[in-house]
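Numbering (the numbering used here), first residue to last: 2 to 1051.
Structure representation (structure tokens):
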């Protein structure tokens, strides 16, 4: 769900499904290897579809993506875990995915295999799954094979993934793959347990250890010595670590540094580090940029057979650090049981579990073994949980991608368990053999772990999913699989007001190309219903917020059992958090950023809420840096975005208000500082001096504006601050973060200059409703006839050097100029029917000139200041504030969030049972922490938290509503609290310093009437209660903090 308005409607060519079908029909499947799609599009050097992969490209980069497009992957085992891995790989864009699983689909598979339908039971899992996987990405050749696994078959792949396989199979496949340079990933899940193993050969080269952009900093000093010490500008910490390698550019004086290869550093402090011997270099004069270099790292992997005997393990939960070695043995014992009996241990069967314990002991005789943990693995061996598959499947698919991408892999074993999901009390009675026996139901894999009683409770849940983007799609998939809201009393409501765009298809996996331009919530609900027809899901298109509280009202929230956020902005998250605290509903909060992700669970009366702690705000770019002293491409891109708003949106909006709103002038003149002048000058330019009559006028305007920004303004700046000027302290003015600019000379034959004029002229024309042109030759010809007035720098022009100087400068308003502007404006009556067309920035449409303008405007300014330019891809990321995203992270994060759902539905009351999660799949890192308890406050002897409040019944027994006098007296009598101030929202209803006359007037008015009068807003009929904030004194007249009031009026 996005915070932006509904996206423009556009369709991907050739994306319509066959008529009468919501999904493309399944292709015929032959007995051998069957391609399902995309073969024609696959080539040795396939072009990357940036429209589809844009968000993922910001995670992996173009080169890694190209390498990934040469990977042929075999996925063996197509139960819930295998399909999760395959789904993520197809979305990710490997060259081909071949599915291998000759086994027929069974009822139990439906617990988590979201691409099997009830009518597929009895068919080959791989063949039934293939057409639905193939729809995900036409650039990936998806096929299936009925051949048994053989050396001949394996030899055709770069990566092999084994799921649901025997240890014997894993061992021979592991031997063959290791000796033939084929990468191997083995993944398995058993109920609440997961296992992952990687073997990427004798020498895997890691080229990007952390998935982050290389750091850079500006240099202020380099000493001569052994070692030399580098000091960075104290604008921001350099962020380097000891052992990092760096290179230098733009260093003046000690120019030898610019020619050095990567040098290793030792960090001395947040702004300093040492490098090698600089004693023989020239003296440092000024300037320089230091940039981190990612050095290749070589990792040796053992083959599976050797790694079994000498395991190296990644710990996912440091609170359970002792468990992975036990599970390593237990899994081998389980495989031995499977080999001997040809079946898995029966759910909660004591005899089978005891045998697995005995077999696990034989793996390492004479060493300690946590029998309870082994027994639990045996009890759950037939368990199949969609959230665990989502988590392990997300990790496994990311490991496959690391082969071409070069992120740091898992070395080599990963074991995971989520046993805190089991009942906190009465476990023996709730999880008996009878409770957990198979029932020939699609939920048998889940019943084997939790018993039949929880399944019924899941079905009766009512949940609200806010957002149907990547996280929302994964939530709905998991909810459908676990049976949430699938009972007659349950239900899931999903809301999202956005429409589907092509770039969504790369990770919002419930959508298909023919869904583009359709509403996300409607298509997501329909796709989730296909996965489980019993899912009672209702889609809405209302944005959550104060404006829709008559839709999502008291009745709606009070009927919910919980909320799952799938939002992409902090404001909406904070709003939903406040709603959940007010209605005392649990909240599942999750988010991703590239390979990083987090899960927070909010539990009423136990934990703090999402709002209790927040990340520090992003550091804003100083205004003077943007206007006159940029030193990084981020500065020029933000400047270009501001230009876009100031040229093509704000003036048009102001003109329309001037023409339509009689009070516009009066309102404008009341603005602070020089704003009235700036607004009216813009209106005057739009309606008089700059108003175009035809397309050639738009070209002429764009050309003159080019000269103003890239030549004239720079010449004025250099007139004020000449290149050699020194400050009072004797240092050069143009030094440190201030880069000395140079003016550009316009050249219609320069492609970048022409890019700017074509984009700016077309946008300017659009804002006036004039038809533009894409004919570059014709525009270049028009430019030859444009006369640009000569420019001479002016004396007395004030240019502020810092934001502090800007703020302290009190610009006097030129009243004479204001009157002159007002007189020069045509009256609205002189322009009947004239309107302008404000342009809202839209980054994802490559035909609308928006990004063309941003890229050209930014790179021209970068050229002014000798800043390296940015290509369109990077410019879109920064200017469009795009959040990098990849399907693997989303799947893993939502899997962990849905494990918390099991605890919420069971009503776990121990805070230690819940887990907040943090992960970075590039590192790789997975960590868990107990949610923080809600802070406790106290007045008198009454303890309270953010979940507590005063409940006041506004209607009295006589049917009359409580007055302000009665309200104040109630708190004095019932709670020994003297209210000194009382507010509702931003409205002050009462204060002890209120004028006596006003106080007398309000004292005997009903509370709701006071609210209506003060806020000047009527109370909607949906409003059952009001929220009041109090400031109170206790008996000793001391200020005390107290909860809010919920004042019920209906």
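Think of the CB as a built atom: it goes at the ideal place given N, C-alpha and C, for glycine as much as any other residue.
The shortest CA-to-CA distance from residue 623 to any of 617, 615 and 633 is the one to 633. Buried is the label assigned to residue 1008, since at least 16 other Cβ atoms lie within 10 Å of its Cβ.
According to DSSP, residue 539 shares a beta bridge with 494. Inclusion of residue 193 and residue 589 in the CB contact set at 9 Å is not warranted, their separation being larger than that value. Listed in chain order, the non-local C-beta contacts of residue 907 below 7 Å within the same chain comprise 424 and 455, local neighbours out to five positions each way being set aside.
Note on the segment 424-487: whole beta strand (DSSP E) runs with a minimum of 3 residues are 463-467, in chain order. One alpha carbon belongs to residue 1022, the other to residue 468, and they sit about 27 Å apart. For residue 675, no beta strand (DSSP E) run applies, since DSSP gives it neither H nor E. Nearest neighbour of residue 722 by Cα position, chosen from 742, 755 and 473, turns out to be 742. Minimum Cα-Cα distance from residue 968 among the listed residues 1031, 941, 445 and 430 corresponds to 1031. Relative to residue 256, the option among 1041, 225 and 245 whose CA is nearest is 225.
As the crow flies, the alpha-carbon of residue 503 is around 17 Å from that of residue 523. The C-alpha of residue 326 lies about 23 Å from the C-alpha of residue 913.
Rounded to whole angstroms, the gap between the alpha carbons of residue 1001 and residue 1013 is 18 Å. Looking at 211, 273 and 171, the one whose alpha-carbon comes closest to that of residue 221 is 273.
Per the coordinates, the alpha-carbon of residue 740 lies some 53 Å from the alpha-carbon of residue 389. Exposed is the label assigned to residue 799, since fewer than 16 other Cβ atoms lie within 10 Å of its Cβ. Assigned with DSSP and collapsed to three states, residue 1032 falls in strand.
Sorting 648, 877, 471 and 402 by C-alpha distance to the C-alpha of residue 839 places 648 at the top. Excluding sequence positions up to five before and after residue 856, its CB lies within less than 7 Å of the CB of 873 and 876, all in the same chain and listed in chain order. One thing to note: residue 422 has its Cβ no nearer than 9 Å to the Cβ of residue 492.
Here the segment 358-378 makes no contact with the segment 84-94; the two share fewer than three CB pairs at distances below 8 Å.
By the C-beta density criterion, residue 319 is exposed, having fewer than 16 other C-beta atoms within 10 angstroms. The three-state secondary structure of residue 951, taken from DSSP, is strand. Across the structure, residue 878 and residue 772 are spaced so that their CA atoms are roughly 30 Å apart.
Assignment of residue 600 by DSSP, reduced to helix, strand and coil, places it in the strand class.
Annotation for residue 387: the continuous alpha helix (DSSP H) segment containing it runs 387-406. Residue 142 sits in a strand when the DSSP states are folded into three classes. For residue 293, the enclosing beta strand (DSSP E) covers residues 290-294. Burial is judged here by how many other beta carbons sit within 10 angstroms of a residue's own beta carbon; residue 983 has at least 16 and is buried. The shortest CA-to-CA distance from residue 344 to any of 166, 461 and 316 is the one to 166. Annotation for residue 919: the continuous beta strand (DSSP E) segment containing it runs 917-921.
With 16 or more other Cβ atoms from the protein chains shown falling within 10 Å of its own Cβ, residue 631 counts as buried. Put simply, the backbone Cα of residue 702 is about 41 Å away from that of residue 543.
The beta carbons of residue 232 and residue 385 sit no closer together than 9 Å. Here DSSP, grouped into helix, strand and coil, assigns residue 514 to helix.
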